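When we follow the working numbering, the leftmost residue of the sequence shown carries the number 264, and every step to the right adds one.
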Amino acid sequence: YSSSSSSSSSTYNATQQRLPGVIIIGVRKGGTRALLEMLNLHPNVEVAKAEVHYFNVEEHYRRGLAWYRAQMPFTLPGQLTVEKTPGYFAAPQVPLRVWDMNPAVRLLLIVRDPAERLVSDYTQVLHNRLTRHKPYQPLDELLIHKGHIDPGYKALQRSLYHQHLARWLEVFPREQFHVVDGDALIRDPFPELRKAERFLDLPPRISPSNFYYNTTKGFYCLLSAGHDKCLDESKGRPHAPLSTQAFKKLCRYLRKPNKLFFEMVGRSFSWC
Ligand code: A3P
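As structure tokens, this is what we get:
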């Protein structure tokens, strides 16, 4: 026996839990789970499987960085730790807190047509209410008040990307953000992942052979080490109905916020 073997098996393997070097900050319903799972295909990446909600939930934040680190996967030196919590993007207290943890952290923001995102957001809330046997209102009623878009509707506010990003840009320089096109990730994941690898200074390891289009699901699923994995049924579910008239109003309402967002990120998207 060696009397000095106080080290645990984890330090023997040199694996350790480390704070994230990369955070997927949002947007909610933008494809954050797909992006996380797809990045996890990379051998140099390990991800926190569950959403951590450290910076946005007071009860968690009070537990401090040791608690946050304990939520992270074990990694080898040189591996990148990634966590995703879509609630970070729209929570005002989060950017400074993230900066306090690590001012050099890299931030991934996956966006999607904000009108589609709103409908997806509503659909998720509706689903939760139905499973808990709670009452619900149709989307048209929540979105339109006396013939006009209701600016107080929370899911609408979460689609005003420029407002939230402006707060993040008060804290972090633009170079620390990479914007992923969530609509493009749905259509064809590989090109978006190649761009993300480049941003993260990772050697290109994710390949088109890691994805196959699942005709039953109507989405791409993942292939790695012989395993076949689709995201669960809560990802890519049919959207709740919204009248054409209300959808048009929504698109018109979003035109200006979208333009402001495009200016902020120096790139445009073909949104409604
Ligand atoms: P919908 O359910 O509205 O289609 P998040 O993980 O941030 O909640 O995002 C959920 C969205 O991810 C889904 O929204 C879906 O469109 C999108 N998504 C992107 N790639 C996907 C994939 N390969 N499989 C399933 N959903 C995917």
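All residues carry an ideal CB built from backbone N, CA and C; glycine is no exception. Fair warning: this is a prediction, and the values are worked out from it, not measured in the lab.
| Check | Outcome |
| --- | --- |
| Per-residue DSSP class, three states only, for residue 508 | helix |
| The alpha helix (DSSP H) enclosing residue 278, as first and last residue numbers | Counting along the chain, residue 278 falls outside any alpha helix (DSSP H), and DSSP gives it neither H nor E. |
| Buried or exposed (CB count within 10 angstroms, at least 16 for buried), residue 330 | exposed |
| Same chain, Cβ closer than 6 Å to residue 521, five either side skipped, listed in chain order | 534 |
| Three-state class that DSSP yields for residue 407 in the structure shown | strand |
| At least three beta-carbon pairs within less than 8 Å, the segment 436-456 to the segment 396-415 | no |
| beta-carbon residue 385 near the ligand A3P non-hydrogen atom, thresh 6 Å | no |
| Residue environment, residue 456, which counts as buried when at least 16 other CB atoms sit within 10 Å | buried |
| DSSP state of residue 289 mapped onto helix, strand, coil | strand |
| Segment contact, 8 Å Cβ cut-off, at least three pairs: the segment 371-384 with the segment 507-516 | yes |
| Segment contact flag, the segment 279-292 with the segment 345-358, C-beta cutoff 8 Å, min 3 pairs | yes |
| Outcome for residue 530 when other beta-carbon atoms lying within 10 angstroms are tallied against a minimum of 16 | exposed |
| Spatial neighbours of residue 270 in its chain, beta-carbon cut-off 6 Å, leaving aside the 5 residues before and after | Legend: pLDDT at residue 270 = 44, less than 50; position of this residue unreliable, value from coordinates given subsequently. Around residue 270: no qualifying Cβ. |
| Bridge-paired residues (DSSP) for residue 344 | 309 |
| Host alpha helix (DSSP H) of residue 440 (start-end) | Here residue 440 belongs to no alpha helix (DSSP H); instead the beta strand (DSSP E) covers 440-444. |
| Closer than 6 Å: residue 337 CB and nearest the ligand A3P heavy atom | no |
| Three-state class that DSSP yields for residue 522 in the structure shown | helix |
| Boundaries of the alpha helix (DSSP H) in which residue 383 is found, first to last residue | 377-394 |
| Check: residue 498 C-beta below 6 Å from any heavy atom of the ligand A3P | yes |
| Residue 532 (DSSP reduced to helix, strand or coil) | coil |
| Residue 462 (DSSP reduced to helix, strand or coil) | helix |
| Stretch pair the segment 364-374 + the segment 420-436: three plus CB contacts closer than 8 Å | yes |
| beta-carbon residue 489 near the ligand A3P non-hydrogen atom, thresh 6 Å | no |
| Option nearest residue 335 by Cα separation, candidates 460, 482, 283 and 316 | 283 |
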